[in-house]
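Structure, as structure tokens:
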Amino acid sequence: MISLKNLHLLISIVVVVPAAFIYGWDPANVLPTFFDFSAETTDQKNIFRALMIFYLTISAFWIIGIVRRDYWHAASLSNFVFMGGLGIGRLFSIIVDGTPSALFSIGTYGELILALYAAYQLRLYNIENKKTH
Numbered sequence: 162m163i164s165l166k167n168l169h170l171l172i173s174i175v176v177v178v179p180a181a182f183i184y185g186w187d188p189a190n191v192l193p194t195f196f197d198f199s200a201e202t203t204d205q206k207n208i209f210r211a212l213m214i215f216y217l218t219i220s221a222f223w224i225i226g227i228v229r230r231d232y233w234h235a236a237s238l239s240n241f242v243f244m245g246g247l248g249i250g251r252l253f254s255i256i257v258d259g260t261p262s263a264l265f266s267i268g269t270y271g272e273l274i275l276a277l278y279a280a281y282q283l284r285l286y287n288i289e290n291k292k293t294h
């Protein structure tokens, strides 16, 4: 079940699930602990709780991709899109807004590396599958 083929999904789950709870469990109290902002209004809390559920559901899909071989490709593709989208969004923010905190900077690198690794895995195992068929 757990193999190098699933490593990008496993790493992403280990990172994204805790991030989900940091963002959404108790945003008014938890966010200021990790970041230099807080979520005080109902609308702000709503955004972070929705992000939490989105992160948890995408992580659940990655778990399905690990457990069910027939979902691996879709899970890996969603991992590439998710991590690549976050990383590119953060790069855009760096260009427009300037350099973020160390935590967000590390996150940017991590997201881009995971996106590239997912793309590599998709290519590697697509080629491997073509050889066996």
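Numbering (our numbering) for the sequence shown: 162 to 294.
Backbone N, C-alpha and C fix where the C-beta goes; we use that ideal spot for every residue, glycine too.
Remember, predicted model here, so these are calculated numbers, not experimental data.
Would you check if the distance between the CB atom of D189 and the CB atom of A200 is smaller than 8 Å? What sits at residue 189 in the sequence shown is Ala, not Asp. Contact: yes.
Rounded straight-line distance, which links the Cα of D187 to that of P193: 10 Å
Determine whether the beta carbon atoms of S239 and L283 lie at a separation below 8 Å. no
Under the three-state reduction of DSSP, which class applies to P193: helix, strand or coil? helix
If you follow the alpha helix (DSSP H) that W233 is in, where does it begin and where does it stop? W233 to D258
Am I right that G226 and L170 are in contact with their C-beta atoms under 8 Å? What's the rounded C-beta distance? 6 Å
Are the Cβ atoms of I224 and I174 separated by less than 8 Å? yes
Neighbour-count burial assignment, L275, 16 or more Cβ in a 10 Å radius: L275 is classed as buried because its beta carbon has at least 16 other beta carbons within 10 Å across all chains shown.
Based on Cα-Cα distance, which residue from D204, K206 and A180 lies nearest to Y216? A180
If you reduce the DSSP assignment to three classes, tell me which class A200 lands in. coil
Could you give the distance in angstroms between the alpha-carbon of F195 and the alpha-carbon of V177? 15 Å
With 16 other Cβ atoms within 10 Å as the buried cut-off, status of Y281: exposed
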